[in-house]
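Structure first, commentary second.
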Amino acid sequence: MRMNAFQSLGKRMAARAIASGLAVLLFSTHGSTQEAVNESAIAIVVHKDTQVQNLSLNELRSIFLADQQFWPDRTRIILLVRAPQSDERTFVLSSIYQMDEAQFRQYWIAKMFRAEVPRGPKIVFSTDMTLELVLAIPGSISFMRANEVTDQVRVVSVDGKLPNDAGYPLK
Amino acid sequence: MPIIARAGQSIGCFLYVLATQAAFAQHSMNPAGTDLSEPEFTVMGFGDISYISRDGSSQDGFAIGQAVAHLSASLGHSFGVFGEFSLTARDTEYVAEVERFIVKYAFSDLLKLSAGRYHTPIGYWNSTFHHGAWLQTTTSRPEMVRFGSQIVPIHFVGGLVEGNIPGETLGLAYMAGFGNGRHSNIARAGDAGDVNGDNAWMFQLHTSPARYRGLKAGIGYYKDVVSPTAEPEVDEKTASAYVAWAKEAPEIIIEYLHSTHELASDSSVSGDVDAWYAQFAWRLSGKYRQWKPYARYERNRIDDSDPLLGDLGLDYDGGILGVRWDFNPYAALKGEYRNEEFDNNGRENNFRLQVSFVLAKL
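In order, the protein sequences belong to chains W and P. First residue of the first sequence? That's 1 in our numbering, and the numbers climb one at a time after it. First residue of the second sequence? That's 1001 in our numbering, and the numbers climb one at a time after it.
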């Protein structure tokens, strides 16, 4: 049973998370994940102080799999992942992790079990929550639809391409 | 260390876990915000219950497997503590054990230092699956790395340095350790110090190429001087190699180990150990995705002249066929047929049914 002090962010954020989560659940009943994501590519966002402009898809996989746990400046990488049922999560599990939900769960339990990571990824429940936490946590990295990115966070290119570029790998 | 003292020590650790959780409960009442330098705790549990039927056995029946508790604590960005504690059913009692207890400081991906009690990083299985039957495909570990094995020193007490070697193509990583070797009871680690002052050391190098995600291959070396109870000292050298394809369709694990044991006082008295297994599994697709058939063959051979293991009757041949059904996201039912031969004493059949589970939440 994982008990995470990080999840105690106060009533305001919890209420927004629940509302957004419900919105995602409602939205997810319409069309496939791919259709939903096609409306906007998935952007990889990091805390503004993170000194990284570009990641290769392999580096991104290493970070999301926690094989790489530090940025080049030795800041600890904090991975934020959307809760189940969101289209963004389903897309990232398929395209970056190349796993389904069951494999994803087993992967992280095994990783913690081998003492390779002290904790699993931090779960976020909405785009608003993602933005607030990436803004607040140095070293954090997460993902969201490109058309929902604000200037609170920084988008990193993947294989040298930004979400609006042709050939961007997370579309 | 006497069993009672060991059990007392382990129970103390269980109490420590409970106390820590109580502290956490109090701590979590106050919103912690996003300050990740504050302690953060993760608790997991594993357990399994089996039904075992053997040829000609009068003791067929249910067996409670291990009840395992894991605690990991992140104390700031770089420092963490990990503990694994088990309760194992025996004929007349439950035995409590501190399986792993590790403190780790991570300087970077290249350099992580840790100290404590580990599962010895020899080969693949011993440092991948540990306790917790739910994580492994089969009902039990291969015989060469079964808990209590004398072929491989399952536990190691000491320090480790590990890290990733830069370069994303090959995905190279290393691990080097130095610490107490086997206890005079050679199935146990030297928990209270090295019994002969001649420390054990080991090195392991493995690769996980980015191009073939799921593939892991490695080699390792382990060296110790062992002082068995009432026996002369023996030099132990073990080399291991493995290749594993961890994706589930297929899942392939092949591991080989070769040990040389040589009397420290007379190098002409020596013997070799060859042990290996190959496991193959395939996760079905579509509506049968919860099912995973599997098979494993394993073989251990120990020279009769081996001064450490030669007279312990550890030769083994075994084949298993089974199927795993993940009927729940956190639980699995496994049915397994085994045909085995221990110490060349004739083959025997047995059947196992096991339900295993994990108590965890991501």
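Note that beta-carbon positions come from the ideal geometry of N, C-alpha and C, so glycine has one too.
DSSP state of residue i mapped onto helix, strand, coil
i: Val1273 (chain P); result: strand
i: Gly1080 (chain P); result: strand
i: Leu135 (chain W); result: helix
i: Ser1086 (chain P); result: strand
i: Lys1287 (chain P); result: helix
i: Arg154 (chain W); result: strand
i: Thr1128 (chain P); result: helix
i: Tyr1239 (chain P); result: Note that residue 1239 (chain P) corresponds to Ala in the displayed sequence, not to Tyr. Strand, per DSSP.
i: Gln171 (chain W); result: For the sequence presented, residue 171 (chain W) should be read as Lys rather than Gln. Three-state DSSP puts Lys171 (chain W) in coil, outside helix and strand.
i: Ile77 (chain W); result: coil
i: Ser1184 (chain P); result: coil
i: Asn1344 (chain P); result: coil
i: Ile96 (chain W); result: helix
i: Thr1137 (chain P); result: coil
i: Gly1033 (chain P); result: Residue placement at Gly1033 (chain P) is flagged as unreliable, the pLDDT there being 46, under the threshold of 50; the coordinate-derived value follows with that caveat. Three-state result, Gly1033 (chain P): coil.
i: Gln1059 (chain P); result: coil
i: Asp128 (chain W); result: helix
i: Leu162 (chain W); result: coil
i: Val1145 (chain P); result: helix
Cut-off 6 Å between Cβ atoms - residues of its own chain near residue i, not counting five sequence neighbours on either side
i: Ser1086 (chain P); result: Gln1066, Val1068, Glu1097, Glu1099 and His1131
i: Ala1278 (chain P); result: Ile1254 and Tyr1297
i: Gly1177 (chain P); result: Gly1158, Leu1160 and Met1202
i: Ala146 (chain W); result: Ser40, Ala41, Ala43 and Pro163
i: Gly1083 (chain P); result: Leu1071 and Phe1101
i: Lys1237 (chain P); result: Lys1223 and Thr1260
i: Ser1356 (chain P); result: Asp1048, Ala1133, Trp1134 and Ala1332
i: Gln1354 (chain P); result: Asp1048, Ser1050, Thr1139 and Lys1334
i: Ala1187 (chain P); result: Gly1148 and Gln1150
i: Leu1110 (chain P); result: Gly1163
i: Asp1272 (chain P); result: Thr1260 and Asp1303
i: Ile1363 (chain P); result: Since the first residue shown for chain P is 1001 and the last is 1362, residue 1363 (chain P) is missing from the structure and cannot be characterised.
i: Gly1045 (chain P); result: Ala1069 and Leu1359
i: Asp1317 (chain P); result: Arg1299 and Glu1341
i: Val1095 (chain P); result: Thr1088
i: Phe1062 (chain P); result: Tyr1051
Cut-off 8 Å between Cβ atoms - residues of its own chain near residue i, not counting five sequence neighbours on either side
i: Phe1327 (chain P); result: Gln1290 and Leu1333
i: Gly1313 (chain P); result: Phe1342 and Asp1343
i: Gly984 (chain P); result: The question about residue 984 (chain P) has no answer here: the residues shown for chain P are numbered 1001 through 1362.
i: Arg154 (chain W); result: Val45, Val46, His47, Lys48 and Thr50
i: Val134 (chain W); result: Val45, Val46, His47, Leu80, Ser140, Ile141, Ser142, Gln152 and Val153
Strand pairing of residue i, partner residues [DSSP]
i: Pro1202 (chain P); result: First, the amino acid is wrong: residue 1202 (chain P) is Met here, not Pro. Note: Met1202 (chain P) sits in a beta bridge opposite P:Gly1177 and P:Tyr1222.
i: His991 (chain P); result: Limits of chain P in this structure are 1001 at one end and 1362 at the other, which puts residue 991 (chain P) out of reach.
i: Val1355 (chain P); result: P:Ile1049 and P:Leu1333
i: Lys1104 (chain P); result: P:Gly1080 and P:Ser1114
i: Phe143 (chain W); result: W:Ile44
i: Pro1293 (chain P); result: P:Val1323
i: Gln1279 (chain P); result: P:Ile1253 and P:Arg1296
i: Gly1318 (chain P); result: P:Glu1298 and P:Glu1340
Cα-Cα separation, residue i to residue j
i: Met1202 (chain P); j: His1070 (chain P); result: 25 Å
i: Ile123 (chain W); j: Lys1104 (chain P); result: 24 Å
i: Val1358 (chain P); j: Phe113 (chain W); result: 11 Å
i: Tyr1118 (chain P); j: Asp100 (chain W); result: 31 Å
i: Gln1059 (chain P); j: Asn1180 (chain P); result: 38 Å
i: Arg1146 (chain P); j: Leu1135 (chain P); result: 15 Å
i: Thr130 (chain W); j: Met1175 (chain P); result: 35 Å
i: Asn58 (chain W); j: Ile44 (chain W); result: 14 Å
i: Glu1348 (chain P); j: Arg1182 (chain P); result: 32 Å
i: Gly1047 (chain P); j: Ala1331 (chain P); result: 10 Å
i: Lys171 (chain W); j: Lys161 (chain W); result: 11 Å
i: Tyr1212 (chain P); j: Arg119 (chain W); result: 26 Å
i: Asp1198 (chain P); j: Glu1262 (chain P); result: 15 Å
i: Phe104 (chain W); j: Val92 (chain W); result: 11 Å
i: Phe125 (chain W); j: Arg82 (chain W); result: 6 Å
i: Asp67 (chain W); j: Ser56 (chain W); result: 14 Å
i: Ala1360 (chain P); j: Pro1329 (chain P); result: 11 Å
i: Glu132 (chain W); j: Pro138 (chain W); result: 12 Å
i: Leu1308 (chain P); j: Pro1228 (chain P); result: 8 Å
i: Ile1165 (chain P); j: Arg1352 (chain P); result: 42 Å
i: Ala1023 (chain P); j: Asp1055 (chain P); result: Reliability of the predicted coordinates at Ala1023 (chain P) is poor, the pLDDT of 43 falling under 50, and the value obtained from them is presented with this limitation in mind. Straight-line Cα distance between these residues: approximately 50 Å.
So, does the stretch 1160-1176 of chain P touch the stretch 1134-1148 of chain P, judging by three or more C-beta pairs under 8 Å? no
Taking contact to mean 3 or more Cβ pairs, one atom from each stretch, closer than 8 Å, check whether the stretch 1210-1223 of chain P and the stretch 1237-1254 of chain P are in contact. yes
Three or more C-beta pairs closer than 8 Å, one from the stretch 88-96 of chain W and one from the stretch 150-160 of chain W: is that the case here? no
Contact between the stretch 1261-1278 of chain P and the stretch 1293-1307 of chain P is defined here as three or more beta-carbon pairs at a separation below 8 Å; is this criterion met? yes
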